[in-house]
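To start, the structure itself, in C-alpha coordinates.
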Amino acid sequence: MNPNSNSVPRSVPAEEALALLKEHSRSDVSLAAFARSKGVKPWSLYNARAAERRRAMRPRPEPFFEFRLEEPAATRYADATLIELVLPSGLTLRLRRDFDEVALRRLLGVLGSC
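The sequence shown maps to residues 1383 to 1496 in this note's numbering.
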(Lines of atoms letter the chains of each structure in order from A and count residues from 1; the text may use other names and numbers.)
(Lines give C-alpha, C1' and ligand atoms only; values in the text may rest on other atoms or scores of the structure.)
Protein backbone atom coordinates (compact mmCIF):
# COMPACT_ATOMS: atom_id res chain seq x y z
CA MET A 1 0.00 0.00 0.00
CA ASN A 2 1.19 3.47 -0.78
CA PRO A 3 2.36 5.30 2.35
CA ASN A 4 0.35 8.33 1.20
CA SER A 5 -2.85 6.30 0.94
CA ASN A 6 -4.78 8.84 3.02
CA SER A 7 -4.00 11.58 0.52
CA VAL A 8 -5.98 12.39 -2.61
CA PRO A 9 -5.02 10.15 -5.54
CA ARG A 10 -2.69 11.92 -7.93
CA SER A 11 -2.45 12.10 -11.70
CA VAL A 12 0.74 10.73 -13.18
CA PRO A 13 2.76 11.73 -16.24
CA ALA A 14 2.56 9.42 -19.25
CA GLU A 15 6.02 7.94 -18.70
CA GLU A 16 5.24 7.00 -15.10
CA ALA A 17 1.82 5.66 -16.14
CA LEU A 18 3.48 3.35 -18.69
CA ALA A 19 5.84 2.03 -16.01
CA LEU A 20 2.87 1.43 -13.71
CA LEU A 21 0.98 -0.36 -16.51
CA LYS A 22 3.95 -2.65 -16.98
CA GLU A 23 3.98 -3.35 -13.26
CA HIS A 24 0.21 -3.93 -13.31
CA SER A 25 0.58 -6.53 -16.07
CA ARG A 26 2.40 -8.73 -13.53
CA SER A 27 -0.33 -8.38 -10.92
CA ASP A 28 -3.65 -10.15 -10.54
CA VAL A 29 -5.78 -7.17 -9.48
CA SER A 30 -7.98 -4.87 -11.49
CA LEU A 31 -6.46 -1.71 -12.90
CA ALA A 32 -8.63 0.43 -10.60
CA ALA A 33 -7.52 -1.51 -7.50
CA PHE A 34 -3.91 -1.35 -8.64
CA ALA A 35 -4.16 2.42 -9.16
CA ARG A 36 -5.63 2.87 -5.68
CA SER A 37 -2.82 0.80 -4.18
CA LYS A 38 -0.30 3.14 -5.83
CA GLY A 39 -2.14 6.30 -4.83
CA VAL A 40 -2.87 7.38 -8.40
CA LYS A 41 -6.07 8.24 -10.19
CA PRO A 42 -7.34 5.21 -12.12
CA TRP A 43 -8.16 7.32 -15.16
CA SER A 44 -4.45 8.20 -15.47
CA LEU A 45 -3.74 4.53 -16.09
CA TYR A 46 -6.83 3.96 -18.24
CA ASN A 47 -5.84 6.88 -20.47
CA ALA A 48 -2.26 5.64 -20.75
CA ARG A 49 -3.46 2.14 -21.64
CA ALA A 50 -5.84 3.52 -24.30
CA ALA A 51 -3.05 5.67 -25.77
CA GLU A 52 -0.75 2.64 -25.97
CA ARG A 53 -3.44 0.62 -27.74
CA ARG A 54 -3.99 3.44 -30.25
CA ARG A 55 -0.24 3.70 -30.83
CA ALA A 56 -0.02 -0.04 -31.43
CA MET A 57 -2.86 0.09 -33.98
CA ARG A 58 -1.31 2.92 -36.04
CA PRO A 59 -0.17 1.79 -39.46
CA ARG A 60 3.58 1.62 -39.69
CA PRO A 61 5.33 3.23 -42.63
CA GLU A 62 6.53 0.96 -45.36
CA PRO A 63 10.23 0.26 -44.96
CA PHE A 64 12.46 2.09 -47.41
CA PHE A 65 14.75 -0.01 -49.49
CA GLU A 66 17.45 1.10 -51.84
CA PHE A 67 17.85 -0.24 -55.33
CA ARG A 68 20.19 0.49 -58.20
CA LEU A 69 19.05 1.17 -61.72
CA GLU A 70 21.54 -0.29 -64.14
CA GLU A 71 21.62 -0.48 -67.88
CA PRO A 72 22.11 -4.05 -69.08
CA ALA A 73 25.55 -4.91 -70.39
CA ALA A 74 25.75 -4.56 -74.15
CA THR A 75 25.80 -7.92 -75.86
CA ARG A 76 24.86 -8.95 -79.33
CA TYR A 77 21.53 -10.21 -77.91
CA ALA A 78 20.80 -7.22 -75.67
CA ASP A 79 17.54 -5.40 -76.23
CA ALA A 80 18.22 -1.66 -76.06
CA THR A 81 14.63 -1.09 -74.91
CA LEU A 82 15.18 -2.92 -71.59
CA ILE A 83 16.35 -1.59 -68.26
CA GLU A 84 17.59 -3.79 -65.47
CA LEU A 85 16.86 -3.28 -61.76
CA VAL A 86 19.11 -5.10 -59.29
CA LEU A 87 17.51 -5.10 -55.83
CA PRO A 88 19.53 -5.43 -52.60
CA SER A 89 18.13 -8.94 -52.15
CA GLY A 90 19.88 -9.95 -55.37
CA LEU A 91 16.67 -10.10 -57.37
CA THR A 92 17.08 -8.74 -60.90
CA LEU A 93 14.19 -7.25 -62.85
CA ARG A 94 14.34 -6.52 -66.55
CA LEU A 95 11.67 -4.11 -67.71
CA ARG A 96 10.87 -2.30 -70.89
CA ARG A 97 11.76 1.38 -70.77
CA ASP A 98 8.11 2.29 -71.28
CA PHE A 99 6.95 0.19 -68.29
CA ASP A 100 4.21 2.11 -66.49
CA GLU A 101 5.62 4.18 -63.61
CA VAL A 102 2.60 3.55 -61.35
CA ALA A 103 2.81 -0.19 -61.96
CA LEU A 104 6.56 -0.07 -61.23
CA ARG A 105 5.93 1.69 -57.89
CA ARG A 106 3.37 -0.97 -56.95
CA LEU A 107 5.72 -3.75 -57.98
CA LEU A 108 8.58 -2.30 -55.94
CA GLY A 109 6.24 -1.90 -52.96
CA VAL A 110 5.37 -5.58 -53.12
CA LEU A 111 8.96 -6.69 -53.66
CA GLY A 112 10.18 -4.47 -50.83
CA SER A 113 8.26 -6.56 -48.33
CA CYS A 114 9.96 -9.76 -49.50
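Just so you know, even glycine gets a beta-carbon here, dropped at the ideal spot from N, CA and C.
Computed from a predicted structure; not experimentally measured.
Specify the secondary structure class of Arg-1431 as computed by DSSP and reduced to three states.
For the purposes of this step, residue 1431 is taken as residue 49 along the sequence shown, with counting starting at 1. Three-state result, Arg-1431: helix.
Just verifying my parser: in three-state terms, what is the DSSP assignment at Glu-1444?
The residue given as residue 1444 occupies position 62 in the sequence shown. Looking at Glu-1444 - three-state DSSP - the assignment turns out to be coil, as it is neither helix nor strand.
By a C-beta neighbour count over all protein chains shown, 10 Å radius and 16 as the cutoff for buried, is Phe-1446 buried or exposed?
Counting from 1 along the sequence shown, the entry for residue 1446 is found at position 64. With fewer than 16 other Cβ atoms within 10 Å, it is exposed.
Identify whether Arg-1476 lies in helix, strand or coil by the three-state DSSP scheme.
As a position in the sequence shown, residue 1476 is number 94, starting the count at 1. Looking at Arg-1476 - three-state DSSP - the assignment turns out to be strand.
Would you report the Cα separation of Arg-1458 and Arg-1435, rounded to the nearest angstrom?
In the sequence shown, the residue the question calls residue 1458 occupies position 76. In the sequence shown, the residue the question calls residue 1435 occupies position 53. The pLDDT assigned to Arg-1458 is 49, lower than 50, so where the model puts this residue is not dependable, and the model offers no usable value.
Opposing strand residues paired with Leu-1467 [DSSP bridges]:
The sequence position of residue 1467 within the sequence shown is 85, counting from 1. In the DSSP output, where bridge partners are listed per residue, Leu-1467 has Leu-1451, Leu-1475.
Sub-9 Å separation of Leu-1475 and Leu-1493 beta-carbons
Sequence index remark: in the sequence shown, residue 1475 carries index 93 (1-based). Sequence index remark: in the sequence shown, residue 1493 carries index 111 (1-based). A contact, by the Cβ cut-off of 9 Å.
Who does Val-1422 pair with in a DSSP beta bridge?
What you label residue 1422 is simply residue 40 of the sequence shown in a count that begins at 1. For Val-1422, which the question treats as bridged, DSSP gives the partners Arg-1392.
Between Phe-1449 and Leu-1486, what straight-line distance do the alpha-carbon atoms span, to the nearest angstrom?
For this step, residue 1449 is matched to residue 67 along the sequence shown. For this step, residue 1486 is matched to residue 104 along the sequence shown. Spanning the two alpha carbons is a distance of roughly 13 Å.
Through-space distance from Arg-1431 to Arg-1392, alpha-carbon basis
The residue labelled residue 1392 in the question sits at position 10 within the sequence shown. The residue labelled residue 1431 in the question sits at position 49 within the sequence shown. Approximately 17 Å, taken between the alpha carbons.
Can you list, in chain order, the residues of its chain whose CB lies under 8 Å from that of Ala-1433, leaving out five sequence neighbours each side?
In the sequence shown, the residue the question calls residue 1433 occupies position 51. Only Ala-1396 meet the Cβ criterion.
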